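**Student:** Below is one structure. I have some questions about it.
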Amino acid sequence: MASACAGGCSRWGLQLTAAWVAFSLLSNVLWALHLSRLTGWSSLPNYWGELLTARDLMELLENGGLRAHWTGPWVPLAAGLAMCWVLWSGWRLQAAAAGLPARFGPWVWGLADALAIGAAPLAALAGLLLLALGGLAGTGIQGFGWCQWVGGSLVRLAFWSALFLQWWLCRLGRAGAPPGPRLGSWRALFRHLGVSFRRFWLHPLQWLSLVLGGVALRTGLTLLALALAWRLGGGTIPKVCGLLAMELAVVAVDAWLLGWFLRLAALFLRHDAAVRALIDQLRAQAATAEAP
Numbered sequence: 275m276a277s278a279c280a281g282g283c284s285r286w287g288l289q290l291t292a293a294w295v296a297f298s299l300l301s302n303v304l305w306a307l308h309l310s311r312l313t314g315w316s317s318l319p320n321y322w323g324e325l326l327t328a329r330d331l332m333e334l335l336e337n338g339g340l341r342a343h344w345t346g347p348w349v350p351l352a353a354g355l356a357m358c359w360v361l362w363s364g365w366r367l368q369a370a371a372a373g374l375p376a377r378f379g380p381w382v383w384g385l386a387d388a389l390a391i392g393a394a395p396l397a398a399l400a401g402l403l404l405l406a407l408g409g410l411a412g413t414g415i416q417g418f419g420w421c422q423w424v425g426g427s428l429v430r431l432a433f434w435s436a437l438f439l440q441w442w443l444c445r446l447g448r449a450g451a452p453p454g455p456r457l458g459s460w461r462a463l464f465r466h467l468g469v470s471f472r473r474f475w476l477h478p479l480q481w482l483s484l485v486l487g488g489v490a491l492r493t494g495l496t497l498l499a500l501a502l503a504w505r506l507g508g509g510t511i512p513k514v515c516g517l518l519a520m521e522l523a524v525v526a527v528d529a530w531l532l533g534w535f536l537r538l539a540a541l542f543l544r545h546d547a548a549v550r551a552l553i554d555q556l557r558a559q560a561a562t563a564e565a566p
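In structure tokens, the structure reads:
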């Protein structure tokens, strides 16, 4: 894990941070435009921390009509392009850490592989966890209701994070194989899918702990910044600038954590590939030694 810390200030590491900051800013602009349709350009949002309770906030999110407003195509389009930049720079960063070429084919076909072998088992696991949280919330105990809201959000975020991890493993496996969607033959394709599946599910506690821990840490940092902004308010320009700088710092830390996880997956694959090659070599030597 320590060896994965290096590389955050490389060319593609800096691009990943810049892309994540751009996506976060554009997403926040889209959210602000939605809210402005409801409240107008007034000073009311400066005092929400004093006027609204958590229950009022949930009522606004669920029944405030936010989904009915359209802000035009440009901000969502720019946010989508920024997310594509995040995904591509993350791939270049990961391929460089693994010592593999960052071709477009493995990037795309690896996603198809991940959906084929990872979506169903991860969705089943997430569904079971959500059912368990729903059962606890159904008891009527208030604390369990909050556990369902917070825990359910973390489970959904962890599902997507784990699916992305499966994509990383699949595309790295393809990048180290001959080019082409079929990997030369159907037997090679199925072998690649089996190896990619085992690389994830033979280490479920390690991977899922990293996924849940990463989601909790990134979400916790974001909520901490939001809670601090809520307490301080935004009545003056210096406060607004300070809160914006704090939010950008949190986003940059989140981007570094994402890059660290990408490099960790790449280093794991390099080690796993070396171990598998050594095992194949030993088996070949044993078979040669046993031959008459």
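Residues in the sequence shown are numbered from 275 upward in steps of one, following the working numbering. We put the beta carbon where it would ideally sit given N, CA and C, even for glycine. On a predicted model such as this, the values are computed, not experimentally measured, just so you know.
1. DSSP three-state label for Ser470, please.
2. Using a Cβ-Cβ cut-off of 8 Å (strictly less than) and excluding sequence neighbours within five positions of Leu396, which residues of its own chain qualify?
3. Taking 6 Å as the limit between beta carbons, can you name the residues of its chain near Met357, skipping five residues before and five after?
4. Would you mind giving the Cβ-Cβ distance between Ser363 and Ala406, rounded to the nearest angstrom? I have them listed as a contact below 8 Å.
5. Are the CB atoms of Gly488 and Phe535 nearer to each other than 9 Å?
6. Our contact map puts Leu299 next to Ala390 with C-beta atoms below 8 Å; I'd like the distance itself, whole angstroms only.
7. How many whole angstroms separate the CB atoms of Val295 and Ala547, which I take to be in contact at a CB cut-off of 8 Å?
8. According to the Cβ coordinates, are Leu290 and Leu355 closer than 9 Å?
9. Look at Arg448 and Trp383 and say whether their C-beta atoms are less than 9 Å apart.
10. When DSSP labels each residue in this structure, what does Leu484 get in the three-state scheme?
11. Helix, strand or coil for Ser435 per DSSP?
12. Measure the C-alpha to C-alpha separation of His477 and Arg492 and round it to an integer number of angstroms.
13. Quick one: give me the first and last residue of the alpha helix (DSSP H) that Arg366 is part of.
14. Check whether the Cβ atoms of Gly408 and Gly392 lie closer than 9 Å to each other.
15. Whole angstroms are fine: how far does the CA of Leu385 sit from the CA of Val424?
16. Alpha carbon to alpha carbon, how far is Ala394 from Val514? Give it in angstroms, no decimals.
17. Please classify Trp442: is it buried, with 16 or more other beta-carbons within 10 angstroms of its beta-carbon, or exposed?
18. Using the C-alpha atoms, what's the distance from Asp387 back to Glu324?
19. Taking DSSP as the reference, what is the three-state secondary structure of Ala411?
**Tutor:** Looking at the atomic coordinates:
1. Residue numbering aside, residue 470 sits at position 196 when the sequence shown is read from its first letter. If DSSP states are grouped into helix, strand and coil, Ser470 belongs with the helices.
2. Taking the sequence shown and counting its residues from 1, the one referred to as residue 396 is at position 122. The residues are Phe433, Ala436, Leu437, Gln440.
3. On the sequence shown, residue 357 is found 83 positions in, with the first residue counted as 1. Phe297.
4. In the sequence shown, residue 363 corresponds to position 89, counting from 1. In the sequence shown, residue 406 corresponds to position 132, counting from 1. Not confirmed; about 37 Å, so no contact.
5. Position 214 of the sequence shown, counted from the start, is the residue given in the question as residue 488. Position 261 of the sequence shown, counted from the start, is the residue given in the question as residue 535. Yes, Cβ-Cβ distance for Gly488 and Phe535 is below 9 Å.
6. Position 25 of the sequence shown, counted from the start, is the residue given in the question as residue 299. Position 116 of the sequence shown, counted from the start, is the residue given in the question as residue 390. Contact annotation, Leu299 with Ala390: C-beta distance approximately 34 Å; criterion of less than 8 Å not satisfied.
7. Position 21 of the sequence shown, counted from the first residue, corresponds to residue 295. Position 273 of the sequence shown, counted from the first residue, corresponds to residue 547. The pair is not a contact, with the Cβ atoms about 33 Å apart (cut-off 8 Å).
8. As a working mapping, residue 290 is identified with position 16 in the sequence shown. As a working mapping, residue 355 is identified with position 81 in the sequence shown. Not closer than 9 Å, so no.
9. Start at 1 with the first residue of the sequence shown, and residue 448 comes out as number 174. Start at 1 with the first residue of the sequence shown, and residue 383 comes out as number 109. Yes, the Cβ-Cβ distance between Arg448 and Trp383 is below 9 Å.
10. Counting from 1 along the sequence shown, the entry for residue 484 is found at position 210. The answer is helix: DSSP assigns Leu484 an H, G or I state.
11. One-based indexing of the sequence shown puts residue 435 at position 161. Reduced to three states, the DSSP call for Ser435 is helix.
12. Sequence index remark: in the sequence shown, residue 477 carries index 203 (1-based). Sequence index remark: in the sequence shown, residue 492 carries index 218 (1-based). In a straight line, the C-alpha of His477 is about 23 Å away from that of Arg492.
13. Position 92 of the sequence shown, counted from the first residue, corresponds to residue 366. Its alpha helix (DSSP H) spans residues 348-372.
14. Working through the sequence shown from its first residue, we reach residue 408 at position 134. Working through the sequence shown from its first residue, we reach residue 392 at position 118. The answer is no: Cβ separation not under 9 Å.
15. Looking up residue 424 in the sequence shown gives position 150. Looking up residue 385 in the sequence shown gives position 111. Distance between the alpha carbons of Val424 and Leu385: 29 Å.
16. Your numbering for residue 514 matches position 240 in the sequence shown. Your numbering for residue 394 matches position 120 in the sequence shown. Distance between the alpha carbons of Val514 and Ala394: 44 Å.
17. By one-based count along the sequence shown, residue 442 stands at place 168. Its Cβ being crowded by 16 or more others within 10 Å, Trp442 is buried.
18. The residue you call residue 324 lines up with position 50 of the sequence shown. The residue you call residue 387 lines up with position 113 of the sequence shown. With a pLDDT of only 48 at Glu324, under 50, the local geometry of the prediction cannot be trusted, and the value read off the model is given with reservation. Going by the C-alpha atoms only, they are around 49 Å apart.
19. In the sequence shown, the residue the question calls residue 411 occupies position 137. Note: Ala411 maps to helix in three-state DSSP.
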